[in-house]
Amino acid sequence: MTEPLHDPQAAARFAARLLAWHATHGRHDLPWQRDPDAYRVWVSEIMLQQTQVATVIPYFERFMRRFPTLRALADAPEDEVLHHWTGLGYYARARNLQRAARMVRDGAGAELPRDPAALAALPGIGRSTAGAICAIAWGMRTPILDGNVKRVLARQFAIDGDPAQAATERRLWELAERLTPQEDCGAYTQAIMDLGATLCTRTRPACALCPLAESCRARALGDPARFPARRRRRVLPERQCQLLVIRDADGAVLLEKRPPSGIWGGLWSFPEIPAHEDAALACDRIVRVAPLGARRGNAFRHTFSHFHLEATPVFLEVPAVPAHVLADDRLIWYKPGGGNLGFAAPVKRLLDALHEAPDVIAWSDR
Ligand code: SF4
34 MTEPLHDPQA AARFAARLLA WHATHGRHDL PWQRDPDAYR VWVSEIMLQQ
84 TQVATVIPYF ERFMRRFPTL RALADAPEDE VLHHWTGLGY YARARNLQRA
134 ARMVRDGAGA ELPRDPAALA ALPGIGRSTA GAICAIAWGM RTPILDGNVK
184 RVLARQFAID GDPAQAATER RLWELAERLT PQEDCGAYTQ AIMDLGATLC
234 TRTRPACALC PLAESCRARA LGDPARFPAR RRRRVLPERQ CQLLVIRDAD
284 GAVLLEKRPP SGIWGGLWSF PEIPAHEDAA LACDRIVRVA PLGARRGNAF
334 RHTFSHFHLE ATPVFLEVPA VPAHVLADDR LIWYKPGGGN LGFAAPVKRL
384 LDALHEAPDV IAWSDR
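Mapped onto the working numbering, the consecutive letters of the sequence shown carry residue numbers 34 to 399.
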């Protein structure tokens, strides 16, 4: 392909091929494509940031049923928002979404700004997400550069630098700017995202079906999956902890709200203590009564972006707990199966196991 930075006709042909392909082969029935108002596009773009389409669909539909408008999201308790995000991971996305909704609700006009720079200034919305909202919801000519688009452009132009490096990213943004057409920007945006998600996939690009095959330099070089350069995998450090599953005589479980930032920020979890700490003493410290029995469960591993966590649940049974412990609003007694709270996925799994088979985990070796 002639360098599109210097050839507007090549850029126009690129967009035309993509649009024609999308009209026939693109995805047109995703839930956020029905009635694509800015709020729905925004929520879908945030959910899709780290998550596959098939996983996002049921979450998006449930989220929209509960929070059909920006106002409904802004007014909701944070616990409910996190509850509807439980299992999607990267919970900062949900907290930022609601923070941004509250900022918009409390600002002039109480609507998402039709301005990419103003959108990008809201929590959790970067330049690419702002571009996608403006293009899809309002048809504005605002380029995007999400992971899929980076891959397509890096292959089309055989750009082999790491897209995480500023110089490579700048180059890709220049190409994205230049290639975005004057017309049909919403369809173009969906088309290039779709191409990256369905044909130009990370490991096995389907070049034989690709409408851009003719102009693709990476394909001509014979090994398109080599582009863009992969980041070297870091060896993640390991951390260990214990999670105290403290149950009272009624089967209620003590949960603690985690601080707003950090891992599982703002979610409800079992009290966490260091791996070397005595669990019975820690239980006594937290609920001011000694446990009647304790049993260690099987450790599980959870990987975060920057470390692996090996968590060992310790099941502790306690008698009645002094009332003043319950006055702390970061602690609740929770009956598994009830309440709309946000949990990290491993916490939810343990709570579900307790709900379904309370005696399996219980006090066999007291
Ligand atoms: S030809 Fe292959 S590598 Fe190039 S954009 Fe199309 S699917 Fe991707």
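Every residue, glycine too, gets a C-beta built ideally from N, C-alpha and C.
### Task
Pull up the distance between the alpha-carbon of Gly-157 and that of Ala-134, whole angstroms please.
Sequence index remark: in the sequence shown, residue 157 carries index 124 (1-based). Sequence index remark: in the sequence shown, residue 134 carries index 101 (1-based). Whole-angstrom Cα-Cα distance: 11 Å.
### Task
Between the Cα of Val-268 and those of Asp-283, Pro-292 and Phe-340, spot the shortest distance and give me the residue it belongs to.
Numbered from its first residue, the sequence shown carries residue 268 at position 235. When each option's Cα is compared against that of Val-268, the closest is Phe-340.
### Message
Let's test the definition: count the other Cβ atoms within 10 Å of the Cβ of Asp-398 and tell me whether it reaches 16, buried, or not, exposed.
### Response
In the sequence shown, the residue the question calls residue 398 occupies position 365. Confidence at Asp-398 is low in this model, with a pLDDT of 38, below 50, so the placement of that residue should be treated as unreliable; the coordinate-derived value is given next. Looking at its Cβ environment, which holds fewer than 16 other Cβ atoms inside 10 Å, Asp-398 is exposed.
### Message
Quick check: does the Cβ of Gln-83 come within less than 7 Å of any heavy atom belonging to the ligand SF4?
### Response
Here residue 83 refers to the residue found at position 50 of the sequence shown. Flag unset: Cβ of Gln-83 not near the ligand SF4.
### Task
Enumerate in chain order the residues of its own chain whose CB-to-CB distance from Ile-169 is below 8 Å, with the five nearest sequence positions on each side excluded.
Stepping through the sequence shown from its first residue, residue 169 is reached at position 136. Hits under 8 Å: Pro-69, Val-74, Gly-219, Thr-222 and Gln-223.
### Message
So the candidates are Glu-216, Leu-186 and Ala-246; which of them puts its Cα closest to the Cα of Pro-261?
### Response
For the purposes of this step, residue 261 is identified with residue 228 of the sequence shown, where counting begins at 1. Among Glu-216, Leu-186 and Ala-246, the Cα nearest to that of Pro-261 is on Leu-186.
### Message
I need the DSSP call for Glu-343, collapsed to helix, strand or coil.
### Response
Here residue 343 is taken as the residue at index 310 of the sequence shown, counted from 1. In the structure shown, Glu-343 sits in a strand (DSSP, three-state: E or B).
### Message
Quick check on Ser-338: buried or exposed, where buried means 16 or more other Cβ atoms within 10 Å of its Cβ?
### Response
Residue mapping note: residue 338 aligns to position 305 of the sequence shown, counting from 1. Under this definition Ser-338 is an exposed residue.
#### Entry: For Ala-107 and Arg-138, believed in contact at Cβ under 8 Å, the rounded distance
Locating residue 138 in the sequence shown gives position 105, counting from the first residue. Locating residue 107 in the sequence shown gives position 74, counting from the first residue. Contact flag correct, Cβ pair sits at about 4 Å.
### Task
Would you mind stating whether Glu-145 and Tyr-72 have Cβ atoms separated by less than 8 Å?
The residue given as residue 145 occupies position 112 in the sequence shown. The residue given as residue 72 occupies position 39 in the sequence shown. It should be noted that the sequence gives Leu, not Glu, for residue 145. Yes; because the gap between Cβ atoms is below 8 Å, this pair is in contact.
### Message
Can you tell me whether Val-393 is buried or exposed? The criterion is at least 16 other CB atoms within 10 Å of its CB, across all chains shown.
### Response
In the sequence shown, the residue the question calls residue 393 occupies position 360. Reliability of the predicted coordinates at Val-393 is poor, the pLDDT of 49 falling under 50, and the value obtained from them is presented with this limitation in mind. Label assigned to Val-393: exposed.
### Message
Residues in the same chain with beta-carbon distance under 7 Å from His-335, minus the five sequence neighbours each way, listed in chain order, please.
### Response
Indexing the sequence shown from 1 puts residue 335 at position 302. Listed in chain order, the non-local C-beta contacts of His-335 below 7 Å within the same chain comprise Leu-342, Ala-344 and Pro-379, local neighbours out to five positions each way being set aside.
### Query
Near Glu-271, what residues of its chain come up, given a Cβ to Cβ distance below 6 Å and the 5 sequence neighbours on each side ignored?
Taking the first residue of the sequence shown as 1, we reach residue 271 at position 238. Contacts found: His-341.
### Message
In the DSSP output, what is Leu-287 paired with across the bridge?
### Response
Numbered from its first residue, the sequence shown carries residue 287 at position 254. The beta-bridge partner set that DSSP reports for Leu-287 consists of Trp-366.
### Query
Which of helix, strand or coil does DSSP assign to Gly-229?
As a first step, residue 229 must be located in the sequence shown, where it is residue number 196. Helix, per DSSP.
### Query
Does the distance from the C-beta atom of Tyr-367 to that of Ala-285 stay below 8 Å?
Walking along the sequence shown from the start, residue 367 turns up at place 334. Walking along the sequence shown from the start, residue 285 turns up at place 252. Yes, the Cβ-Cβ distance between Tyr-367 and Ala-285 is below 8 Å.
### Task
Would you mind reading off the limits of the beta strand (DSSP E) that contains His-278?
The residue given as residue 278 occupies position 245 in the sequence shown. The sequence as given places Val at residue 278; His does not occur at that position. First-last of the beta strand (DSSP E) with Val-278: 271-280.
### Message
Whole angstroms are fine: how far does the CA of Cys-274 sit from the CA of Phe-333?
### Response
The count along the sequence shown starts at 1 and reaches residue 333 at position 300. The count along the sequence shown starts at 1 and reaches residue 274 at position 241. Rounded to whole angstroms, Phe-333 to Cys-274 spans 10 Å at the Cα level.
### Query
Who are Arg-302's beta bridge partners in DSSP?
Here residue 302 is taken as the residue at index 269 of the sequence shown, counted from 1. The displayed chain sequence assigns Ser, not Arg, to residue 302. Paired residues: Glu-289.
### Task
Identify every residue that forms a DSSP beta bridge with Arg-327.
What you label residue 327 is simply residue 294 of the sequence shown in a count that begins at 1. Residue identity check: residue 327 is Ala in the sequence provided, not Arg. Residue pairing for Ala-327: DSSP places it in a beta bridge opposite Leu-349.
#### Entry: Backbone CA spacing between Leu-111 and Leu-384 [nearest angstrom]
The residue labelled residue 111 in the question sits at position 78 within the sequence shown. The residue labelled residue 384 in the question sits at position 351 within the sequence shown. A small correction: the amino acid at residue 111 is Glu; Leu does not occupy that position in the sequence shown. Straight-line Cα distance between these residues: approximately 20 Å.
### Query
Closer than 7 Å: is that where the CB of Pro-238 sits relative to any heavy atom of the ligand SF4?
Here residue 238 refers to the residue found at position 205 of the sequence shown. Under cutoff, so the answer is yes.
### Message
Starting from Phe-333, trace the alpha helix (DSSP H) in both directions and tell me its first and last residue.
### Response
In the sequence shown, the residue the question calls residue 333 occupies position 300. No alpha helix (DSSP H) contains Phe-333, which is instead part of the beta strand (DSSP E) from 333-336.
### Task
Going by DSSP, name the residue or residues bridged to Phe-376.
For the purposes of this step, residue 376 is identified with residue 343 of the sequence shown, where counting begins at 1. According to DSSP, which records beta bridges pairwise, Phe-376 is partnered with Trp-301.
### Message
Can you give me the C-alpha to C-alpha distance between Ala-395 and His-309, rounded to a whole angstrom?
### Response
Along the sequence shown, read from residue 1 onward, the residue named residue 395 stands at position 362. Along the sequence shown, read from residue 1 onward, the residue named residue 309 stands at position 276. Caution is warranted here: a pLDDT of 47 is assigned to Ala-395, below 50, making its placement in the model unreliable, and the coordinate value is therefore given only provisionally. Linking Ala-395 to His-309 through their CA atoms gives a straight-line distance of about 23 Å.
### Task
Compute the minimum distance between the beta carbon of Val-185 and the heavy atoms of the ligand SF4, and state whether it is under 7 Å.
Numbered from its first residue, the sequence shown carries residue 185 at position 152. For Val-185, the shortest C-beta to heavy atom distance toward the ligand SF4 is below 7 Å.
### Task
Look at the alpha carbon of Glu-247 and the alpha carbon of Pro-196, and state the distance between them as a whole number of angstroms.
Here the question's residue 247 lines up with position 214 in the sequence shown. Here the question's residue 196 lines up with position 163 in the sequence shown. Going from the Cα of Glu-247 to the Cα of Pro-196 covers about 23 Å.
### Task
Could you round the C-beta distance between Phe-47 and Leu-245 to whole angstroms and report it? I think they count as a contact, below 8 Å.
Within the sequence shown, the letter at position 14 stands for residue 47. Within the sequence shown, the letter at position 212 stands for residue 245. The C-beta distance from Phe-47 to Leu-245 rounds to 7 Å, short enough to fall under 8 Å.
### Closest by C-alpha distance to Leu-387, when choosing among Gly-375, Leu-364, Ala-353 and Val-347
On the sequence shown, position 354 is the one that residue 387 refers to. Ranking the options by Cα distance to Leu-387, first place goes to Val-347.
### Query
Does at least one heavy atom of the ligand SF4 sit under 7 Å from the Cβ of Arg-259?
Indexing the sequence shown from 1 puts residue 259 at position 226. The answer is no for Arg-259.
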